[in-house]
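Peer 1: Could you have a look at this structure, given as structure tokens, before my questions?
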Amino acid sequence: MINHISIGVHNPEKTANVLAELWDGIVLPFPPSPDSFIVLANDGKGSAVEVTPIDVVLEPGTGLPEDDGFSTETITEENEARFVRTDFRPQYVSTHLNINTKLSVDEVKAIGKREGWRTLVANRDKGLFQLVELWIEDRFMLEVMTPEQTQRYVEITSPEFIAKFFAENSMVPAAQAEIAGSLSLIG
């Protein structure tokens, strides 16, 4: 289970409120990152999205805590990752998020239209499964799945289904494919 993810956007508060609407969740300030918010889904699992300004990145802390005597009382603040502001503001990113909603396709599309964000129903893999692409700020892809779409997604992501699908379509998973020739990228 993925517990939470952080995403960078131009308008964190607006984006957080839209996510809360999709999830029937709540929005709270997120103190570890200035001008950021955390959206907590009302799903009983602790699912959350941390929404930061687009120019905020995570960087690792320094050093490592001592293993000897390590406990919940050990101070690790200087070793921990921290949010920092940068000059980096990517237009698009490879990171995306797929969430479930109790809303209908039409309700999700209406939210996208209201916000002025690109929104479309997508038939992935020629109709193998369906979802709604909701492009936050027209730059970050949020895949939203209704209960019906989620049910189908769960069906097709079982190991048994994947193995059968690959076999029927003469597909070889990348981990098993011959990739040695493409590995000599350095030197």
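For this note's numbering, count along the sequence shown from 1 and bump the result up by 5.
Virtual Cβ for every residue (Gly too), placed ideally from N, Cα, C.
Source: prediction; values computed, not measured.
#1: Indicate whether asparagine 8 and glycine 49 have their beta-carbon atoms separated by less than 8 Å.
#2: Using only alpha-carbon positions, find the residue among Pro152, Ala86 and Leu108 that is nearest to valine 62.
#3: Buried or exposed for glycine 13, please, with buried defined as at least 16 other CB atoms from any protein chain shown within 10 angstroms of its CB.
#4: Rounded to the nearest angstrom, what separates valine 44 and isoleucine 104 at their Cα positions?
#5: Okay, do the region 54-74 and the region 17-24 touch, 3+ Cβ pairs below 8 Å being the bar?
#6: For glutamate 83, I'd like the list of residues in its chain whose CB is within less than 8 Å of its CB, leaving aside the five on either flank, ordered along the chain.
#7: Only counting the same chain, and skipping five residues up and downstream in sequence, which positions put a Cβ closer than 7 Å to that of valine 23?
#8: Would tryptophan 140 pass as a contact of threonine 124 if the rule is Cβ separation under 8 Å?
#9: What are the partner residues of serine 11, as DSSP defines its beta bridges?
Peer 2: With the structure as the only source:
#1: Their beta carbons are not under 8 Å apart, which means asparagine 8 does not touch glycine 49 by this criterion.
#2: Taking each of Pro152, Ala86 and Leu108 in turn and checking the Cα distance to valine 62, the smallest one comes out for Ala86.
#3: It is buried - the Cβ of glycine 13 has at least 16 other Cβ atoms within 10 Å.
#4: Taking the Cα positions, valine 44 is about 12 Å away from isoleucine 104.
#5: Below 8 Å, enough C-beta pairs join the region 54-74 and the region 17-24 to call them touching: three or more.
#6: Non-local C-beta neighbours of glutamate 83 in its own chain, meaning closer than 8 Å and more than five positions away in sequence, comprise Gly66, Thr67 and Gly68, ordered along the chain.
#7: In its chain, beyond the 5 residues on either side, Ile116 and Glu120 have a beta carbon closer than 7 Å to the beta carbon of valine 23.
#8: Result yes, Cβ atoms of tryptophan 140 and threonine 124 sit closer than 8 Å.
#9: In the DSSP output, where bridge partners are listed per residue, serine 11 has Glu55.
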